[in-house]
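Trainee: Counting with the numbering used here, you get residues 663 to 950 for the letters of the sequence shown. The structure under discussion is supplied below as structure tokens; questions concerning it will follow.
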Amino acid sequence: MSDLYVYIAPQLIGRTPPLTHAAARLRSQPNLPVAVPAAATTQRYPYCHLPYIGIADGPHSLVGHRWRLLQSYILNQAHILDAVHEEERLRLELDWLRSIAHENEADIHQRIFERDRFLNTLLAESALGLVQVRQHVTTVHNHRSLRIDFDYRQQIPPFNAMTSAILQILLQDLDSNIDTVRLLVDRHQHRDIFDLMLEDWRAIVEVEWDDVQQKPPSVQAAIRRYIQLNHDIFALQHSIDLTNYNIELLEVEIELWNDPASGLMTPCGGWHPPPIPSSQGSEADNQH
């Protein structure tokens with residue numbers, strides 16, 4: 663058990679019991695191995711076969727700790743994350759409803775046509791991005807497999823360029839996800855006030871939909887179609903952002919594999935500094 667607790671929350675010393683007995687409770691409960699979902703090995707930056715490239719992924723490793731922390735944040739704060747998601751959905755829907763509140767049916771259909779065309783463009787972009795991710799994942803797997811085949815049985819040294827570089831990217835990936843969840847939770851931790859705000863958003867959006875009900879059925883259908891298109895576009899844009907994020911992570915590793923100076927393609931991924939010139943050679947150079 664780390665003693666950093668007293669430094670993280672010094673204002674609680676004397677008011678809160680130390681973690682001695684809490685730590686004993688943790689020790690009495692078995693820790694299950696980190697189980698990385700299959701999707702995290704095939705459809706995004708890969709977490710598979712990490713021990714074979716010298717990166718521990720057990721419950722007490724750096725990767726394991728981060729993975730469990732992220733999992734804990736998402737599971738324990740799911741109610742806040744769901745509420746934030748709902749608030750943003752309502753806010754966007756309100757903006758879209760108000761943007762067409764006073765438009766005639768022809769103008770709404772023109773908007774639908776434009777949004778439908780934009781959605782098709784995004785679908786094509788998303789498909790290309792997923793193809794690129796799969797290609798990059800294959801490239802990364804091939805590079806890692808070469809090092810596994812040549813180096814694993816000869817024992818990869820604990821400190822080497824390959825392990826350090828890939829571990830850094832993995833931790834960057836996990837930490838960015840943890841930070842996103844933490845920021846959302848910290849900003850919305852006053853649950854009572856946030857719940858009241860959420861109810862206000864629901865009531866305002868409901869009023870807008872009540873106004874829609876007063877319009878002719880064909881206009882109502884057009885408005886619903888327009889709102890649904892906007893929701894689909896928003897979700898797809900977010901999906902594309904995630905795909906691009908994974909492409910960036912993959913390209914960082916691929917660039918390292920292709921850089922002779924990175925050390926990833928040397929035996930065991932070890933660092934091989936250039937030889938130091940001999941003193942005799944230096945003296946000869948000075949004489950010239």
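For glycine and all other residues, C-beta sits at the position ideal for the given N, C-alpha and C. Note that the coordinates shown come from a computational prediction; the quantities given were computed from them, not determined experimentally.
For V874, tell me which candidate among H711, W729, D835 and A763 has the shortest Cα-Cα distance.
Mentor: Comparing Cα-Cα distances from V874 to each of H711, W729, D835 and A763, the minimum goes to A763.
Trainee: Taking 8 Å as the limit between beta carbons, can you name the residues of its chain near R760, skipping five residues before and five after?
Mentor: The answer, listed in chain order, is E870.
Trainee: Please classify L808 as buried or exposed, where buried requires at least 16 other C-beta atoms within 10 Å of its C-beta.
Mentor: The residue in question, L808, is exposed, as its Cβ has fewer than 16 Cβ neighbours within 10 Å.
Trainee: Output needed for A884: all residues of its chain with C-beta closer than 7 Å, excluding positions within five of it in sequence on either side, in chain order.
Mentor: So the list reads E767, I770, H771 and I774, once near-sequence residues are dropped.
Trainee: Could you check the C-alpha separation between L911 and Q882 for me, to the nearest Å?
Mentor: Those two C-alpha atoms are separated by around 44 Å.
Trainee: Could one say the Cβ of R773 lies closer than 8 Å to chain D's Cβ atoms, at least one of them?
Mentor: Among the protein chains of the structure shown there is no chain D, as only one such chain exists.
Trainee: Label D872 either buried or exposed according to how many other C-beta atoms from any shown protein chain fall within 10 Å of its C-beta, with 16 as the threshold for buried.
Mentor: When all chains shown are included, D872 counts as exposed.
Trainee: Tell me which residues share the same chain as I810 and place their Cβ nearer than 6 Å to its Cβ, disregarding the 5 neighbours each side in the sequence.
Mentor: If we look at I810 and ignore the five residues flanking it on each side, its Cβ neighbours are Y714.
Trainee: So, under 8 Å CB-CB, E913 and I828 are touching, yes? Tell me the CB distance rounded to an integer number of Å.
Mentor: At roughly 14 Å, the Cβ-Cβ gap does not stay under 8 Å, so E913 and I828 are not in contact.
Trainee: Would you be able to state if there are at least three C-beta pairs under 8 Å between the stretch 841–852 and the stretch 713–730?
Mentor: Contact fails: fewer than three Cβ-Cβ distances are below 8 Å.
Trainee: Looking at the secondary structure, which residues open and close the alpha helix (DSSP H) in which H805 lies?
Mentor: It spans E767 to D813 - the alpha helix (DSSP H) in which H805 sits, taken as one unbroken run.
Trainee: If I measure Cβ to Cβ from V867 and keep anything under 8 Å in the same chain, skipping five residues before and after, which residues do I get?
Mentor: Closer than 8 Å at Cβ, skipping near neighbours: L752, E755, L756 and L759.
Trainee: To the nearest angstrom, how far is it from the Cα of L926 to the Cα of Q830?
Mentor: Each residue's alpha carbon lies about 14 Å from the other.
Trainee: Out of curiosity, what's the CA-to-CA distance linking I717 and L832?
Mentor: Distance between the alpha carbons of I717 and L832: 10 Å.
Trainee: Quick one: grab the DSSP three-state call for A946.
Mentor: Per-residue confidence for A946 stands at a pLDDT of 49, beneath the threshold of 50, marking its modelled position as unreliable; no derived number is given.
Trainee: Measure the beta-carbon distance from Y735 to I840 and round it to whole angstroms, keeping in mind my assumption that it falls under 8 Å.
Mentor: Confirmed, Cβ separation roughly 6 Å.
Trainee: Within 10 angstroms of its Cβ, does A740 collect 16 or more other Cβ (buried), or is it exposed?
Mentor: Under this definition A740 is an exposed residue.
Trainee: Taking the straight line between their C-alpha atoms, what separation do you get for P878 and R887?
Mentor: Cα-Cα distance, rounded: 14 Å.
Trainee: Which first and last residues belong to the alpha helix (DSSP H) in which S723 is found?
Mentor: It is not in any alpha helix (DSSP H) - S723 carries neither H nor E in the DSSP assignment.
Trainee: Specify the secondary structure class of Q705 as computed by DSSP and reduced to three states.
Mentor: Coil, per DSSP.
Trainee: For the stretch 719–726 against the stretch 816–823, do three or more pairs of beta-carbon atoms, one drawn from each stretch, fall closer than 8 Å, so that the two count as touching?
Mentor: Cβ pair count under 8 Å is below three, so no.
Trainee: Classify L912 as helix, strand or coil using the three-state DSSP reduction.
Mentor: L912 falls in the helix class under three-state DSSP.
Trainee: Do T704 and S788 come within 8 Å of each other at the CB atom, strictly closer than that value?
Mentor: Contact flag unset, no.
Trainee: What residue range does the alpha helix (DSSP H) around N839 cover?
Mentor: That run of the alpha helix (DSSP H) goes A823 to R849.
Trainee: How is the alpha helix (DSSP H) around L743 delimited, first residue to last?
Mentor: Segment A740 to S761, the alpha helix (DSSP H) holding L743.
Trainee: What did DSSP end up calling P672 once you bin it into helix, strand or coil?
Mentor: Of the three classes helix, strand and coil, the one that applies to P672 here is helix, per DSSP.
Trainee: Any heavy atom of the ligand HEM closer than 7 Å to the CB of S734?
Mentor: As presented, the structure is devoid of all ligands, the ligand HEM included, so that no description of it is given.
Trainee: Output needed for L743: all residues of its chain with C-beta closer than 8 Å, excluding positions within five of it in sequence on either side, in chain order.
Mentor: Only I736, V843, L846 and V847 meet the Cβ criterion.
Trainee: Report buried or exposed for T825, applying the criterion of at least 16 other Cβ atoms within 10 angstroms of its Cβ.
Mentor: Buried, because 16 or more other Cβ atoms sit within 10 Å of the Cβ of T825.
Trainee: Since I believe R806 is in contact with H711 (beta carbons under 8 Å), could you give me their beta-carbon distance rounded to a whole number of angstroms?
Mentor: Confirmed, about 7 Å.
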